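Residue numbers (the numbering used here): 349 to 627. Notes for the one structure printed next.
This is the structure in structure tokens:
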């Protein structure tokens with residue numbers, strides 16, 4: 349990890365993300381900490397493992413997207429990880445059609461990108477009669493177009509990726525919905541020591557009628573606003589329930605609700621209380 353060694357020599361915080369430089373996770377990490385050194389990893393699990401091992405100070409991972417829903421692999425790891433959520437970034441996703449400098453837009457026939465990005469730009473692709481080709485990563489597609497320059501090809505990625513790989517922006521904001529946003533968690537080995545404005549928890553319900561309702565009722569009676577409720581398959585026939593709610597566990601009212609909810613379920617675990625920033 350030459351990048352991390354150089355960053356450590358400069359006394360920079362190391363923040364890992366899944367993908368290549370120029371990916372949306374990379375952009376989120378830089379938005380969260382402008383002075384950090386971002387380190388790319390191939391798999392989400394590698395980001396979690398590197399933070400746990402102390403090779404990274406933080407990891408930034410996508411949790412959910414307004415169009416694509418939850419990021420299943422990340423949420424599955426969150427069920428059992430020992431890491432804590434210390435911050436969150438809610439970021440708009442603006443896709444761009446990128447091409448090598450000098451490319452005539454009329455010659456473009458193929459657009460490379462991650463499958464989710466292609467699906468989020470489906471109407472644009474259809475309207476412009478472009479064939480979408482799945483690539484492993486939006487930034488990876490941008491780098492490939494920049495280095496290999498395949499004939500009649502473009503990439504769908506971010507403005508950040510265009511700047512990083514020296515590509516022209518043929519068209520900006522090509523996503524089908526202006527409401528396309530992704531929420532990212534910042535993970536660390538220890539708690540952040542601040543109350544924050546948002547909390548996240550995960551738990552398993554007991555196998556009886558009304559078990560989930562009894563937990564939700566605890567928060568409702570305490571007047572606590574739940575902003576996320578998601579179920580993720582765990583063991584066969586068993587589901588982990590994720591909840592997010594406004595506030596801080598330093599608030600006695602919320603601390604009391606957490607303890608009351610803990611008594612209603614199996615394995616109630618706080619993932620963290622933190623500041624969430626909406627860009």
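Beta carbons are placed, not taken as given, at the ideal position from N, Cα and C, and that holds for glycine. Treat the numbers as computed from the prediction; the structure is a model and nothing was measured.
Can you list the beta strand (DSSP E) stretches of 3 or more residues lying completely in the stretch 393–441, in chain order? 406–413 and 432–440
If we ignore side chains and look at the alpha-carbon of each, how far apart do residue 448 and residue 416 end up? 29 Å
Cβ neighbour criterion (16 or more within 10 Å) applied to residue 525: exposed
Check whether the Cβ atoms of residue 605 and residue 570 sit closer than 9 Å, and answer yes or no. yes
Going residue by residue through the stretch 478–518, where are the continuous alpha helix (DSSP H) segments of at least 4 residues, counting only ones entirely within it? 486–496 and 507–513
Just the C-alpha distance for residue 289 and residue 555, rounded to the nearest angstrom, thanks. Residue 289 lies beyond the range of the chain shown here (349 to 627); nothing can be said about it.
Indicate the three-state DSSP secondary structure (helix, strand or coil) for residue 525 in the structure shown. coil
Find the nearest neighbour of residue 582 within the set 427, 392, 478 and 365, judged by alpha-carbon distance. 427
Just grab the DSSP bridge partners of residue 559 for me. Answer is none; residue 559 lacks a bridge partner.
Does the contact criterion of 3 or more C-beta pairs under 8 Å hold for the stretch 523–538 versus the stretch 418–437? yes
Go ahead and pull the three-state DSSP assignment for residue 546. strand
Count the other CB atoms within 10 Å of the CB of residue 412; is the residue buried (16 or more) or exposed (fewer)? buried
Put residue 466 into one of helix, strand or coil per three-state DSSP. helix
Just curious, the beta strand (DSSP E) that residue 624 is in, first and last residue? 613–626
Where do the N-terminal and C-terminal ends of the beta strand (DSSP E) with residue 581 fall, by residue? 574–581
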